[in-house]
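Read the structure below first, then the notes.
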Amino acid sequence: MEGKRKKSGFSRRSFLKAAGVSGLATAIGFPAVIGRAQPKEILIGSLHPITGPVAYDGLSVANGFLLAIEHKNAAGGIKSLGGAKMKVILMDTEAKPKVGESAAEKLIRDGCVALAGCYNSPVTMVTTQVAERNGIPFLVTISVADEILERGFKYTFRVQPDSSNMAELTCKYARQLADQYKIPLKTLAALYISGFGTSIFNKLQKFGPKYGFEVVGGVSYGFGVSDFTTEISKIKGMNADVIMDTGYLADGILKLKTYADLKVEPKGGIFGCANGAYSNPTAVKELGRLAEFLMDGNYYYNPRSPLAKRVIEDFGKRFTDVRFQSHSVPAYDAALVLIDALERAASTDPKKIRDAIAGTSLKEHVSPGPPIEFDSAGQNKNGMITLQQVQKREIRLVLPDEYSDAKPVYPVPGWSAKT
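Sequence positions in the sequence shown follow the working numbering and run 615 to 1033.
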């Protein structure tokens, strides 16, 4: 993979000039280390799928994590360790648990003091187990399944919102729109991929009634489905007021085309809920008019943040293989957490790094919301999702208002009305 990447072109001076000292100083620091012996390189393991069916998304996550590390290195490295630079070793999981497990073991043998990954929840389940067994801190970049943090592990930390947050806030936003625009909504159905999607559906069943939705049913499907006619016909037959849809990029694109072909038009709309396609610029480009007014409850960047804007700009300059997308956001923030912990630990001892991560209170990050802080299970207790909507082929954040850069268009026009 390294052969496919162009060099970053970031010098310490040019990066600080371009990024602005005031916004990034807190997040990454910029020490001046002159006349000292070169400190030992800090090895960081990156476990993501960069080949296979979710390679594009996996690479967008891996690149987001890498960019934050490169920013810190360009700004002088880890100040408390004499300006030590970090080296990210990227290994391909192929979205397969066994492959990810072997890769995690190798990275630890090779001397990595922390790991990050993995995008696919089943892969993250096994790789975090390897890290726990070896006493190595693990930063979850993307993986929403609650089960990851329900095993009492002490070395696993997740920056992104969990499935409870995903499900509850998507239901909350749907109800908020219904009340604001006076659309009576009572029922909800869900179409979801097995694995992490099952975790989301379980939480929809829990939180739907809290926001006035009767969950009338759900339809699951496996990884790699190539025709959704049967599944979406079942969902259409449930005649729910709202459909919640959970999955990855490729299946999300195919589902949208099938919804349109079968003229599935619930009066409350189709909401992505932790959906890898519905607020993804790649899906918007491929779907064209069909993407217009799509809504998605998901993690996203803060459009009002100067730091986020600089990161997006630098991502576009640094990488040509994938575009910046929502998946890149928690990955960049996960790297910021690790950088902050290394500075405070002033050590490459994994136990000390782990303890520093546990005490994190990181105010400046790319995602919207309060400081990143972890509860006793390792979950970012302040993680939050927002509601995105495609408007004029651009993805806009529409709820909550304090982070929005556009007003929602609701109710969603039917397929025939989209241009």
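Virtual Cβ for every residue (Gly too), placed ideally from N, Cα, C.
Use the C-beta contact count for residue i: other C-beta atoms within 10 angstroms, 16 or more gives buried, fewer gives exposed.
i	result
K686	buried
T844	exposed
D954	buried
T860	buried
A1031	exposed
G1028	exposed
Q993	buried
R1010	buried
G832	buried
K796	exposed
Q794	exposed
G811	buried
K1021	exposed
K701	exposed
K977	exposed
S1018	buried
P711	buried
G973	exposed
D865	buried
CB-CB under 7 Å to residue i, same chain, minus the five flanking residues each way: which ones, in chain order?
i	result
N779	G997, M998, I999
V675	H662, Y733, T755, I756, H941, S942, A945
N748	I722
D1015	none
E708	P663, T665, G666
G838	P667
E957	G643, I692, K693, S694
V713	T707
P775	Y913, G997, M998, I999
Assuming residue i contacts residue j under a Cβ cut-off of 8 Å, what Cβ separation, rounded to an integer in Å, is found between them?
i	j	result
S716	E761	Actually they are not in contact, since the Cβ atoms of S716 and E761 sit about 21 Å apart, beyond 8 Å.
F885	M858	5 Å
K869	F842	5 Å
Is it the case that the CB of residue i approaches a heavy atom of the ligand COA more closely than 7 Å?
i	result
T755	Among the components modelled here there is no ligand, and therefore nothing to report on the ligand COA.
Identify, in the order they occur along the chain, each residue of the same chain with its Cβ nearer than 6 Å to the Cβ of residue i, setting aside the five sequence neighbours on each side.
i	result
A633	Residue placement at A633 is poorly supported in this model, since its pLDDT is 39, which falls under 50; the coordinates still yield a value, given next. The answer, listed in chain order, is R924.
V881	Contrary to the premise, residue 881 reads as Lys rather than Val in this sequence. Cβ neighbours of K881 beyond the five flanking positions: D855.
K871	none
A991	L763
V1026	G883, F907
A792	L799
V830	T801, A803, M852, A854
Tell me which residues share the same chain as residue i and place their Cβ nearer than 8 Å to its Cβ, disregarding the 5 neighbours each side in the sequence.
i	result
L863	V668, Y670, D671, G890, A891, N894, T896, A897
C726	L657, I658, G659, I703, I750
G930	R937, F938
R789	L799, Y825, G826, F827
S919	V980, P982
K965	G749
I971	P751, L753, F771, V951, L952, A955, F988
Is the beta carbon of residue i sitting closer than 8 Å to the one on residue j?
i	j	result
I986	V773	yes
K800	E828	yes
F907	V1012	no
L802	I849	no
R903	T784	no
A959	F679	no
T867	E900	What sits at residue 867 in the sequence shown is Ile, not Thr. Yes, the Cβ-Cβ distance between I867 and E900 is below 8 Å.
V980	N916	yes
V737	E719	no
A874	F821	no
Of the choices the options, whose alpha-carbon is the least far from that of residue i?
i	options	result
D910	R918, V1023, G983	V1023
Y787	Y825, V833, F933	Y825
S961	R918, K699, T665	K699
N735	F767, S777, L695	For the record, residue 735 in the displayed sequence is Ser; it is not Asn. Answer by Cα proximity: S777.
F988	G866, Y914, K768, D724	K768
V758	L681, D865, S840, A888	A888
V951	D963, E1008, A728	A728
N677	D947, S834, P653, E746	D947
R1007	A905, A972, G731	A905
D928	K654, L681, L1001, P653	L681
Y835	I807, A688, A792, S1018	I807
R1060	G731, I846, F771, P711	The shown model of the chain, from 615 to 1033, leaves out residue 1060, and the question about it has no answer.
D724	S847, G766, E655	E655
Between residue i and chain D, is the shortest Cβ-Cβ distance under 8 Å, so that the two count as touching?
i	result
G882	Absent from the structure: chain D. Only one protein chain is present.
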